[in-house]
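Okay, structure first, notes after.
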Amino acid sequence: MSPSDFEYDVLCYGTISADDLIYVPYLPTPRRDSQVQQDFQRLGGEAATVARVLSTWGLRVAIVGNAIGEDKWGRYIRQQLDALPGVDTRYLVQRADVRTPFCRILVTPDGERSILGYWFDDAPKSTLTEDVMRRARLLSVDVYGKDERDEAARIARRLGRPVVSADAVWTNYSLAHLSDLIVISRDFLVGYFPGVYIYDHALDLQKAGAGAIIITHGQKPVLVVDRHGRPSYVEPFPVTATDTTGAGDVFKAAAIYGQLQGLDLVNATRFACAAASLYIAQPRGQDQVPDLAKVTQLAGV
């Protein structure tokens, strides 16, 4: 089937939320207050961020995930998503009895962040149906849920659609061996597997059935393991990070975009590194999707 045979290029399934970013000179402690330097809001959640990036770059996207409320944050999310012309929100559930998930994020001058999450476990999760998945070329899914993520991936695989997941690091979980590509944050991985040898863990995931694996490490080299287990490294583009929040989601979106444009795994990773680098180097208080032409130029692909 050609791309024109599908209604959507990508179906983004997963977390839909909002971020309240609070810039501080240092993290507060019990005996030391920290004065807020800047405070602003933006669309958050893995599914919503990936959808935003891909639609900005011209792809057709549908979004499915947790329900949102009719509260302040729910209205904000709806407004932000409806402003994206390439995103179909017809499957987004909004209910008066739901507290909308959101994060309060403290960001320090080095770009690192500390996150408080609200109501994520309580928000009802929408089920992905085969009819909706049939309309898309590819499934993007995150791991931040329960069995509904696995079932979404099963549906996609039954239909012969590629599955790109985020942070599916457990070899005994279905999502890992249902994924054609897993994008993993090294920090997330070692948080659950302290002392793990990264490449060996990637091979263990592949023995369980996973396809290719990309493991990011901030501004250090990215490990790329193709579906045959062959490793390579991609150097990121050095920048001064002002805020690393959302960098992994932008990276994943760019990797998906690169693959849909016909790039091989290494060049798609290089493209993703360029996108993430431009994203985290923005001035504080800005939240622009990196310009596609600038990403392509920086990546050299």
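For any residue, its number in my numbering is found by taking its place in the sequence shown, counting from 1, and adding 1.
Ideal Cβ positions, reconstructed from N, Cα and C, are used throughout, including at glycine.
Query raised in the report: Nearest CA to the CA of Gln260: which residue from Trp171, Phe41, Leu22 and Leu60?
Result: The shortest Cα separation from Gln260 among Trp171, Phe41, Leu22 and Leu60 belongs to Leu60.
Query raised in the report: Distance, Cα to Cα, Arg271 vs Ala300?
Result: Spanning the two alpha carbons is a distance of roughly 6 Å.
Query raised in the report: Where does Gln262 fall in DSSP's three states?
Result: In this structure, Gln262 counts as coil in the three-state DSSP scheme.
Query - Helix, strand or coil at Leu206 according to DSSP, with G and I counted as helix - result: Collapsing the DSSP output to three states places Leu206 in a helix.
Requested in this report: Taking all protein chains shown into account, decide if Lys295 is buried (16 or more other Cβ within 10 angstroms of its Cβ) or exposed.
Outcome: By the 10 Å Cβ count, Lys295 comes out exposed.
**Report entry** Length at least 3, wholly inside the stretch 72 to 129: the beta strand (DSSP E) runs in chain order
**Finding:** The beta strand (DSSP E) runs lying completely inside the stretch 72 to 129 and spanning 3 residues or more are 103 to 108 and 114 to 119, given in chain order.
Query - Under the three-state DSSP convention, the category Tyr280 falls into - result: Here Tyr280 carries a helix assignment [DSSP, helix/strand/coil].
**Report entry** Val251, DSSP secondary structure in three states
**Finding:** Looking at Val251 - three-state DSSP - the assignment turns out to be helix.
Query raised in the report: Name the DSSP beta bridge partners of Ser166, please?
Result: DSSP, once it has assigned bridges, lists Val142 and Ile183 as partnering Ser166.
Report task. Kindly identify the DSSP beta-bridge partner or partners of Phe41. Result -> Paired residues: Leu22.
Report task. Pull up the CB-CB distance for Asp288 and Arg79, whole angstroms please, since I reckon it's below 8 Å. Result -> 18 Å between Cβ atoms; not a contact.
Query - C-beta atoms of Ser180 and Ala169 nearer than 8 Å - result: Contact check for Ser180 against Ala169 passes: the beta carbons are separated by less than 8 Å.
Query raised in the report: So, using beta-carbon positions, are Asn67 and Ala124 closer together than 8 Å?
Result: For Asn67 and Ala124, yes; Cβs fall inside 8 Å.
Query raised in the report: What does a CB cutoff of less than 7 Å around Ala211 pick up in its chain, not counting 5 residues either side in sequence?
Result: Excluding sequence neighbours, Ala211 sits near Ala177, His178, Ser180 and Ile183.
Query raised in the report: For the alpha helix (DSSP H) that contains His178, what are its first and last residues?
Result: Here the alpha helix (DSSP H) through His178 covers Ser175 to His178.
Report task. Take Glu47 as the anchor and find which of Cys104, Gln39 and Ala97 has the nearest alpha-carbon. Result -> Of Cys104, Gln39 and Ala97, the residue nearest in Cα terms is Cys104.
Report task. Specify whether the stretch 266 to 280 and the stretch 243 to 258 touch according to this definition: at least 3 beta carbon pairs, one from each stretch, less than 8 Å apart. Result -> Result yes; three or more Cβ-Cβ pairs closer than 8 Å.
Report task. Name, in chain order, the residues that DSSP records as bridge partners for Lys295. Result -> Lys295 pairs with nothing; no bridge assigned.
Query raised in the report: Can Tyr92 and Ala19 be called in contact, C-beta distance under 8 Å?
Result: No, these two residues do not count as a Cβ contact at 8 Å.
Query raised in the report: How big is the Cα-Cα spacing for Arg162 and Pro31?
Result: Arg162 and Pro31: Cα-Cα distance of roughly 51 Å.
Requested in this report: Compare the beta carbon distance of Thr101 and Trp74 with 8 Å and say whether it is the shorter of the two.
Outcome: In contact: Thr101 and Trp74 (Cβ atoms closer than 8 Å).
Query raised in the report: For Arg33, which three-state DSSP category applies?
Result: Strand.
Query - Continuous alpha helix (DSSP H) stretch holding Val51: start and end - result: Its alpha helix (DSSP H) spans residues Glu47 to Thr57.
Query raised in the report: Do the stretch 25 to 41 and the stretch 229 to 245 touch if we need at least three Cβ pairs shorter than 8 Å?
Result: These segments do not touch.
Query raised in the report: Of all Cβ atoms in chain C, is any one closer than 8 Å to the Cβ of Val164?
Result: Checking the listed chains, one finds no chain C in this structure; it contains a single protein chain.
Query raised in the report: DSSP beta-bridge partners for Thr217?
Result: As a beta-bridge residue in DSSP terms, Thr217 pairs with Ser186.
Requested in this report: For Arg155, I'd like the list of residues in its chain whose CB is within less than 8 Å of its CB, leaving aside the five on either flank, ordered along the chain.
Outcome: Answer for Arg155: Ser175 and Leu179, listed in chain order.
Query raised in the report: For the beta strand (DSSP E) that Ala63 lies in, which residues bound it at each end?
Result: First-last of the beta strand (DSSP E) with Ala63: Val62 to Gly66.
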